[in-house]
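Enquirer: Please find one structure pasted underneath; my questions will follow.
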Amino acid sequence: MKKRTLISILLTAVLAVSALAGCSSKGGDKAENGKNASPSSDQTTVKAFIMGGATFPDGEDINHNPWITMLREETGVDLQIQYGPAAADEYMNKLNLMLASGDIPDLFIIPSANQSWLMDNAKLGAIMRLDGKLDAYANLMNAVYPEAWDAVTYNGGIYGVPVLADGNSATDNVYIRKDWLDKLKLDVPKTLDEFVKVAKAFKEQDPDGNGKADTLGLIAYDNMLAWSSLFGAFGVIPGYWVEKNGTLVPADIQPEMKDALAYIHQLFADKVLDNEWPITKKAAYEEKVANGKAGLYEGSWAAARSEIQTSRQNDPKADWIAIAPPVGPGGKQGVFGGPKYKSIIAISSKAKNVDAILKLLDWQAVPENRDKFVFGFGQYGENFMYTKKNGSIELNFDNHNKYGYRQQLMFMQPKELNEQKMEALGPQFKLNDMIKLSIQYGIPNAFTGAPTPSMVENQSALDKLRQETFTKIIIGELPVSAFDDFVASYKAKGGDKIMKEVADWYAEKK
Amino acid sequence: MKRGVLVKGLEKTLRADWMLYLFLVPGVAYFIIFKYLPMYGVVIAFQDYSPFLGISGSEFVGWKHFARFFTDDEFATVFRNTLLISLYKLVFGFPVPILLALMLNEVRIGWFKKTTQTLLYIPHFFSWVIFGGIVIQVLSSTGIVNSVLQFFGMEPVLFLAQKEYFRSIIVISDIVKESGWASIIYLAAIAGVDPALYEAARMDGAKKRHEIWHITLPCISSTIMILLILRLGSILELGVQQVFMLYNPLVYEVGDIIDTYVYRVGLTEQKYSFATAVGLFQSVVGLILIYLANGLAKRFGKGGLW
Numbered sequence: 003m004k005k006r007t008l009i010s011i012l013l014t015a016v017l018a019v020s021a022l023a024g025c026s027s028k029g030g031d032k033a034e035n036g037k038n039a040s041p042s043s044d045q046t047t048v049k050a051f052i053m054g055g056a057t058f059p060d061g062e063d064i065n066h067n068p069w070i071t072m073l074r075e076e077t078g079v080d081l082q083i084q085y086g087p088a089a090a091d092e093y094m095n096k097l098n099l100m101l102a103s104g105d106i107p108d109l110f111i112i113p114s115a116n117q118s119w120l121m122d123n124a125k126l127g128a129i130m131r132l133d134g135k136l137d138a139y140a141n142l143m144n145a146v147y148p149e150a151w152d153a154v155t156y157n158g159g160i161y162g163v164p165v166l167a168d169g170n171s172a173t174d175n176v177y178i179r180k181d182w183l184d185k186l187k188l189d190v191p192k193t194l195d196e197f198v199k200v201a202k203a204f205k206e207q208d209p210d211g212n213g214k215a216d217t218l219g220l221i222a223y224d225n226m227l228a229w230s231s232l233f234g235a236f237g238v239i240p241g242y243w244v245e246k247n248g249t250l251v252p253a254d255i256q257p258e259m260k261d262a263l264a265y266i267h268q269l270f271a272d273k274v275l276d277n278e279w280p281i282t283k284k285a286a287y288e289e290k291v292a293n294g295k296a297g298l299y300e301g302s303w304a305a306a307r308s309e310i311q312t313s314r315q316n317d318p319k320a321d322w323i324a325i326a327p328p329v330g331p332g333g334k335q336g337v338f339g340g341p342k343y344k345s346i347i348a349i350s351s352k353a354k355n356v357d358a359i360l361k362l363l364d365w366q367a368v369p370e371n372r373d374k375f376v377f378g379f380g381q382y383g384e385n386f387m388y389t390k391k392n393g394s395i396e397l398n399f400d401n402h403n404k405y406g407y408r409q410q411l412m413f414m415q416p417k418e419l420n421e422q423k424m425e426a427l428g429p430q431f432k433l434n435d436m437i438k439l440s441i442q443y444g445i446p447n448a449f450t451g452a453p454t455p456s457m458v459e460n461q462s463a464l465d466k467l468r469q470e471t472f473t474k475i476i477i478g479e480l481p482v483s484a485f486d487d488f489v490a491s492y493k494a495k496g497g498d499k500i501m502k503e504v505a506d507w508y509a510e511k512k
Numbered sequence: 197m198k199r200g201v202l203v204k205g206l207e208k209t210l211r212a213d214w215m216l217y218l219f220l221v222p223g224v225a226y227f228i229i230f231k232y233l234p235m236y237g238v239v240i241a242f243q244d245y246s247p248f249l250g251i252s253g254s255e256f257v258g259w260k261h262f263a264r265f266f267t268d269d270e271f272a273t274v275f276r277n278t279l280l281i282s283l284y285k286l287v288f289g290f291p292v293p294i295l296l297a298l299m300l301n302e303v304r305i306g307w308f309k310k311t312t313q314t315l316l317y318i319p320h321f322f323s324w325v326i327f328g329g330i331v332i333q334v335l336s337s338t339g340i341v342n343s344v345l346q347f348f349g350m351e352p353v354l355f356l357a358q359k360e361y362f363r364s365i366i367v368i369s370d371i372v373k374e375s376g377w378a379s380i381i382y383l384a385a386i387a388g389v390d391p392a393l394y395e396a397a398r399m400d401g402a403k404k405r406h407e408i409w410h411i412t413l414p415c416i417s418s419t420i421m422i423l424l425i426l427r428l429g430s431i432l433e434l435g436v437q438q439v440f441m442l443y444n445p446l447v448y449e450v451g452d453i454i455d456t457y458v459y460r461v462g463l464t465e466q467k468y469s470f471a472t473a474v475g476l477f478q479s480v481v482g483l484i485l486i487y488l489a490n491g492l493a494k495r496f497g498k499g500g501l502w
């Protein structure tokens, strides 16, 4: 009995102590970081905060591995990384906490979705203004599309370095099953009407030959941007801005959008468009491709390595090809264009080592240096990370995945597409062609600036109104004429103010 | 003099039951550190809060965010939807765990009871992302419900796209997911009922239904009342997950609730102050309701929380 009470007391004490320890763990982290500091004292230390999530081989971590050692040796900058949460919103929360608590990293990476965060913090003086400081770094400047600077410009000053995605600004392609076309003796469709004819045939003429009417025509899901080629045939992309009469206007309220909705509504009424689309989520949409129910759809440039690959595994006969988006009645065509950046490197206004940071980024912006992070180097290079076969390079996927973290240490992305890498991921996927095709038909968003004050205030309500109205028009719950009411309330609910601000931005930019 | 006695009394109880007080320490520390100390954070509901400037540095704007919420076009819709869905959940969902507990309590076959309980508890441990996915699948045009309808020669219905079904789907799926888990507390309460009462009733010739009606239910009525009062306190807080998972533009009118609205307007746009203001409003309404319900419970002699 006595013994048991003693144990319970001990347990209670342990609980109490651990509850308190939870609050002070932050101090522990700091001590740990201090210990990690590199022994050589002549190097400039740069503290970076990046998103985490990678796994590491035994004995390595984000601050102790061949790549960061190489980076330190090559650039003379002692990069010390604080590894954050893997999810973007948690990462941003942590960053906010760090800023609020005064434990401010020199360099941090902001996802493009948090662009307004950058603006808010630039306004507060938390972010280093970079214009004037960048000109000396030619490689860095060359890695950024000129229009991408708009996104990091606040009050005329530049507050970050926009970084491109792996696939440059590629987004979607339209894919079709060649084997189904051949079976039904149809040609690759070019115009919108031909697309609809093919979709109808795919739905009604049993292209998979199983004797059941279980195939679909056109498929879509609740995010309209993801089947943008139907809108692109009318030259408008939901949520985007287009140039008209020398100024910018929202595509959502243009007469072309009304035409697009009327056309898509007809597809729905004729049952060519999958009638389940408003309640379909992305995963279910891709599943329809993977399990051979759909033979014509819009998907990511990398689809060949995801749902299309699954489709091929399920059905070796499935012969998917990427084709140009449909040409609409007015001769327009395209898919939504991607932004010219996927994230932003920001530097704290309190950083004392701006030149060292920019030097580091400049070094990373050189394509040959980037290759060291993709294909490895020295003993981690040939025959380890990749093998050469008949002149082409093949990634060794075991080591490529095992050392996947290495690409997180590569903050920059040169403008030149890394064709060698895309090829090395598997030439059968034709990723280079997929990227080029998508970029060729991308209809860019003409507004590239940071969110205006009225956007911050009203955009979410306007987006909801659009989503609700467009969905109802397409499924016929509202007549197409309801579009005009939508335009009126769009303008009244802040749309007019936003248009004024965007027009000012555009005038100033020109 | 009196004070001296009090201190002495405290000293005495502390010495006698020090171990019990020690057990209390982690709980009290938890509430102070994680519940009471963060409360000063509600200040940001009255500021244009910026994480960089912190609470001391952010500009004070008074009722601005509350005014914006109450004058927003969407306020009436989301408030009505929240209240309706919450009331439906209360009216139809609250009694279910009690019934389940009463039924489970009467099951005499051990393995059957255990299996049923486990099956009932499992959905609670799924997140809404998964459970919502199951609901979507079940109700899809090729799902089990529509297969049955088609078997009987009826046209398939896209339930989730219909305004008239949406709230029912929300309420029913919530009942399916959470009732089993919620019945645990009632089972525990039932287990605490003195068996002598049942024996005495049986001697007097009471049937099973008499036992349930005249012994079990009255004995657990204070538990039911406490849970009901607590439930009223969160009447405006439905949680964002379930509705967010299941709704779509076609049912915004009937399905958009305060939590999804705050998610859209407050968090994706990082308007911390606005989100806090709405959260504070929800809590204040909850607190008022708890007070009212507690007062009523006491008036009708059912105890209450305090």
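Chains as they are written, first to last, in the working numbering: chain A, 3 to 512; chain B, 197 to 502. Ideal placement from N, C-alpha and C gives every residue a C-beta, glycine not left out. All figures in this text were calculated on a predicted structure; none of them were measured in a lab.
Could you tell me whether the Cβ atoms of P113 of chain A and S345 of chain A are closer together than 8 Å?
Expert: Yes, the Cβ-Cβ distance between P113 of chain A and S345 of chain A is below 8 Å.
Enquirer: So which residues of chain A does P234 of chain B contact, with C-beta pairs closer than 7 Å?
Expert: None at all; the shortest Cβ gap to chain A is about 12 Å.
Enquirer: Could you tell me which chain A residues have their CB closer than 9 Å to the CB of E270 of chain B, listed as they occur along the chain?
Expert: Residues of chain A passing the Cβ test: A463, K466.
Enquirer: Is it true that the region 484-500 of chain B meets the region 266-283 of chain B, where meeting means three or more beta-carbon pairs spaced less than 8 Å apart?
Expert: With the cut-off at 8 Å, the region 484-500 of chain B and the region 266-283 of chain B do not touch.
Enquirer: Strictly below 7 Å CB to CB, what residues from chain A border A241 of chain B?
Expert: The premise fails here: A241 of chain B is roughly 17 Å from chain A at the closest Cβ pair, so nothing lies under 7 Å.
Enquirer: Could you give the DSSP three-state label for N95 of chain A: helix, strand or coil?
Expert: Helix, per DSSP.
Enquirer: Quick one: what's got a C-beta closer than 6 Å to I229 of chain B's C-beta in the same chain, skipping five residues either side?
Expert: The answer is none, since no qualifying residue turns up.
Enquirer: Would you check whether the ligand ADP has a heavy atom nearer than 7 Å to the C-beta of P445 of chain B?
Expert: Annotation note on the ligand ADP: not contained in the displayed structure, which lists no ligands.
Enquirer: Could you tell me which residues DSSP puts in a beta bridge with E300 of chain A?
Expert: Answer is A:V176.
Enquirer: Taking 8 Å as the threshold (C-beta atoms), are V341 of chain B and M441 of chain B in contact?
Expert: It is not a contact, given that the beta carbons lie outside the stated cut-off.
Enquirer: At the 8 Å Cβ level, is S323 of chain B part of the contact set with chain A, yes or no?
Expert: False, the Cβ-Cβ gap to chain A never drops below 8 Å.
Enquirer: Using a 10 Å radius around the Cβ and a threshold of 16 neighbouring Cβ atoms, would you call Y217 of chain B buried or exposed?
Expert: Exposed.
Enquirer: For K474 of chain A, go through chain B and note every residue whose CB falls closer than 8 Å to its CB, in chain order.
Expert: Result: P445, L446.
Enquirer: Look at the alpha carbon of A494 of chain A and the alpha carbon of D486 of chain A, and state the distance between them as a whole number of angstroms.
Expert: Cα to Cα, the separation comes out at about 13 Å.
Enquirer: Determine the chain B residues that contact E278 of chain A at a beta-carbon separation under 7 Å, and present them in chain order.
Expert: Under the 7 Å cutoff, chain B gives S336, S337, L354.
Enquirer: Could you tell me which whole alpha helix (DSSP H) segments of length 4 or greater appear in the region 138-216 of chain A?
Expert: As far as the region 138-216 of chain A is concerned, its whole alpha helix (DSSP H) runs of at least 4 residues are 140-144, 180-185, 194-206.
Enquirer: Whole-angstrom Cβ separation of L269 of chain A and V329 of chain A, contact assumed at under 8 Å?
Expert: No, L269 of chain A and V329 of chain A are not in contact; Cβ-Cβ is about 16 Å, not under 8 Å.
Enquirer: Is the Cβ of E503 of chain A closer than 8 Å to any Cβ of chain B?
Expert: Cβ-Cβ to chain B under 8 Å: no for E503 of chain A.
Enquirer: What does V329 of chain A pair with, by DSSP beta-bridge criteria?
Expert: V329 of chain A is bridged to A:T193.
Enquirer: Under the three-state reduction of DSSP, which class applies to G24 of chain A: helix, strand or coil?
Expert: In this predicted model, G24 of chain A has a pLDDT of only 42, less than 50, meaning its place in the structure is not dependable enough to derive any value.
Enquirer: Could you give the residue range of the beta strand (DSSP E) that holds Q82 of chain A?
Expert: Looking at the DSSP string, the run of the beta strand (DSSP E) that includes Q82 of chain A is 79-85.
Enquirer: Quick check on G497 of chain B: buried or exposed, where buried means 16 or more other Cβ atoms within 10 Å of its Cβ?
Expert: By the 10 Å Cβ count, G497 of chain B comes out exposed.
Enquirer: Measure from the C-beta of D224 of chain A to each C-beta in chain B and report whether the shortest distance is under 8 Å.
Expert: True, the Cβ-Cβ gap to chain B drops below 8 Å.
Enquirer: What alpha helix (DSSP H) runs, 4 residues minimum, are completely inside the region 398-425 of chain A?
Expert: Listed in chain order, they are 399-404.
Enquirer: So, are the CB atoms of G54 of chain A and G78 of chain A less than 8 Å apart?
Expert: Their beta carbons are not under 8 Å apart, which means G54 of chain A does not touch G78 of chain A by this criterion.
Enquirer: Might you give, ordered along the chain, the residues of its own chain that have their beta carbon closer than 6 Å to the beta carbon of T472 of chain B, omitting 5 neighbours on each side?
Expert: Closer than 6 Å at the Cβ level, and outside the excluded window around T472 of chain B, lie I240, A241.
Enquirer: Got a sec? Which residues, its chain only, sit under 7 Å from D321 of chain A by beta carbon, not counting five neighbours each side?
Expert: Taken in chain order, the residues that qualify are R179, K180, D181.
Enquirer: So what does DSSP say about L423 of chain B, is it helix, strand or coil?
Expert: In the structure shown, L423 of chain B sits in a helix (DSSP, three-state: H, G or I).
Enquirer: Quick one: is Y236 of chain B buried, meaning 16 or more other Cβ sit within 10 Å of its Cβ, or exposed?
Expert: The residue is exposed, with fewer than 16 neighbouring Cβ atoms inside 10 Å.
Enquirer: What residues of chain A sit near V461 of chain B, judged by a beta carbon separation below 8 Å?
Expert: Simply S462, A463.
Enquirer: Any Cβ of chain A within less than 8 Å of the Cβ of A212 of chain B?
Expert: It does not: the Cβ of A212 of chain B has no partner Cβ on chain A nearer than 8 Å.
Enquirer: Can you find a C-beta in chain A that's less than 8 Å from the C-beta of A357 of chain B?
Expert: Chain A, which has a Cβ nearer than 8 Å to the Cβ of A357 of chain B, makes this yes.
Enquirer: List the whole-angstrom C-beta distance separating I411 of chain B from L393 of chain B, where the pair is believed to meet the contact cut-off of C-beta under 8 Å.
Expert: With a Cβ gap of about 5 Å, I411 of chain B and L393 of chain B count as contacting.
Enquirer: Spatial neighbours of K49 of chain A within its chain, please: CB distance less than 6 Å, with the 5 preceding and 5 following residues excluded, ordered by chain position.
Expert: Around K49 of chain A: Q82, P107, D108.
Enquirer: Assuming V291 of chain A contacts M259 of chain A (C-beta within less than 8 Å), just tell me the rounded distance between them.
Expert: Going by Cβ atoms, the distance from V291 of chain A to M259 of chain A rounds to 27 Å, so no, they are not a contact pair.
Enquirer: Given a cut-off of 8 Å, decide if I332 of chain B and I281 of chain A are closer than it, judged by their beta-carbon atoms.
Expert: A contact, by the Cβ cut-off of 8 Å.
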